[in-house]
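The following block contains the structure:
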């Protein structure tokens, strides 16, 4: 594993560079090249592997020992080095291995299982592309970003790393909710009916399962948080990441190595969101926001940082699981225990109530 990792890092060489903090923010990129390396830890755990992989709420602290530790190092200069990457493989005897499914991991696995072959002959479609000369940046955007960074007063304390990877992460739990894809399709039809009735035509944006599920989860999340503690904000925001690679002109290859994501943001009054038509309104606003972003992914890029850091946030992930015969959408969320209990109940009841109401409604025959 150690040798194959070394071969893999030769292809993903930006991963083991260590940027360092300099006294002033400038447009120059600072990397320390001599002696660069990646921390690689192999660990063994006797923790219940099935418990970690299950969908029920698990204490978020249970996952901390599986997280690789980014070790800050001092250099011979006054600068402090901050690693971009640290790797850990945790073995669960007679159970499994904890890892991540990314191009990097797939390439490393291929190299590990085919040692002795030419590296460039292994999974060429996972080899990273560093070609970025074709990207046409909005004029002055670099200066705008640098000026914004100056306003947030970056210092060494801004990059403070935990002394150990096993420190407490508050009283939060992690849970995954799997929803039958057939039910999501029915939910889409339920959302589509009032949208067509209101606009007298099909929506101009593509009402995808992602949009419908995001709207459904967003409404349930706000209702759950409100049931535990009244939210201060009168308007709620949802941010959907949009992959820019294929949407740039000219497009970047899917194996492009770098941050090429922008955020599509929808904003709705909280009362509308938790109201009777909340999911319909949310789906329409999310769909319009994504459609606008996809038309010009770099439009408004100069305000990207300022917009994101101006609101509080919770993370939710959606992923598709299974084959065509048994597909489901998995919703993963981290919340406090009371919030999670409320969210699970509302998520279940909302979908069942909507689908029951939908089955009793007549089909929409005309606009």
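Residue numbers (the numbering used here): 479 to 845.
Idealized CB from N, CA, C, for every residue including glycine.
In this text the structure is predicted, and so the values were computed from the model without any measurement.
Sequence-distant residues of its chain with Cβ nearer than 6 Å to residue i (five each side left out)
i: residue 490; result: 582, 606
i: residue 705; result: 820
i: residue 681; result: 673
i: residue 828; result: 698
i: residue 614; result: none
i: residue 824; result: 698, 701, 702
i: residue 797; result: 808
i: residue 654; result: 533, 808, 810
i: residue 652; result: 536, 538, 812
i: residue 486; result: 585, 586, 589
i: residue 826; result: none
Where the alpha helix (DSSP H) containing residue i begins and where it ends
i: residue 763; result: 756–773
i: residue 806; result: Not the alpha helix (DSSP H): residue 806 falls in the beta strand (DSSP E), residues 806–814.
i: residue 612; result: It is not in any alpha helix (DSSP H) - residue 612 carries neither H nor E in the DSSP assignment.
i: residue 490; result: Where residue 490 is concerned, there is no enclosing alpha helix (DSSP H), given that its DSSP letter is neither H nor E.
i: residue 525; result: Here residue 525 belongs to no alpha helix (DSSP H), and DSSP marks it neither H nor E.
As assigned by DSSP and simplified to three states, the class of residue i
i: residue 620; result: helix
i: residue 734; result: strand
i: residue 722; result: coil
i: residue 546; result: coil
i: residue 573; result: coil
i: residue 630; result: coil
i: residue 431; result: Nothing can be reported for residue 431: it is not among the residues displayed for the chain, which extend from 479 to 845.
i: residue 776; result: coil
i: residue 593; result: coil
i: residue 483; result: helix
i: residue 796; result: strand
i: residue 825; result: helix
i: residue 605; result: coil
i: residue 784; result: helix
i: residue 836; result: helix
i: residue 587; result: helix
i: residue 644; result: Below a pLDDT of 50, predicted positions are generally treated as unreliable, and residue 644, at 49, falls in that range; no measurement from the model is reported.
i: residue 820; result: helix
i: residue 750; result: helix
Span of the beta strand (DSSP E) around residue i
i: residue 570; result: 564–570
i: residue 518; result: 517–522
i: residue 747; result: 739–747
Cutoff 8 Å; reference residue i; Cβ partners in own chain excluding five residues on either side
i: residue 434; result: Missing from the structure shown is residue 434; the chain here goes from 479 to 845 and no further.
i: residue 622; result: 780
i: residue 571; result: 522, 524
i: residue 730; result: 607, 609, 610, 612, 613, 722, 723, 724, 738
i: residue 750; result: 756, 759
i: residue 519; result: 546, 547, 564, 565, 566, 567
i: residue 835; result: 668
i: residue 531; result: 574
i: residue 713; result: 745, 746, 747, 748
Own chain partners of residue i with C-beta closer than 7 Å, once the 5 adjacent residues on each side are dropped
i: residue 666; result: 685, 687, 690
i: residue 757; result: 669, 693, 694, 697
i: residue 590; result: 479, 482
i: residue 619; result: 779, 780
i: residue 771; result: 720, 740, 742
i: residue 752; result: 697, 700, 701, 704
i: residue 818; result: 535, 651, 653
i: residue 783; result: 623, 626
Residue i beta carbon near the ligand MN (any heavy atom closer than 7 Å)
i: residue 737; result: Questions concerning the ligand MN fall outside what the structure shown contains, since it holds no ligand whatsoever.
Report task. Within the stretch 649–718, note down every full alpha helix (DSSP H) run reaching 4 residues or more, in order along the chain. Result -> 659–677, 687–706
Requested in this report: Taking 8 Å as the threshold, find out whether the stretch 803–818 comes into contact with the stretch 651–666 through three or more Cβ pairs.
Outcome: yes
Report task. Evaluate contact between the stretch 723–743 and the stretch 667–683, counting only Cβ atoms and requiring at least three cross-stretch pairs below 8 Å. Result -> no
Query raised in the report: Do three or more CB pairs link the stretch 718–725 to the stretch 746–763 at distances below 8 Å?
Result: no
Query raised in the report: Below 8 Å, can you find three or more Cβ-Cβ pairs linking the stretch 683–692 to the stretch 705–714?
Result: no
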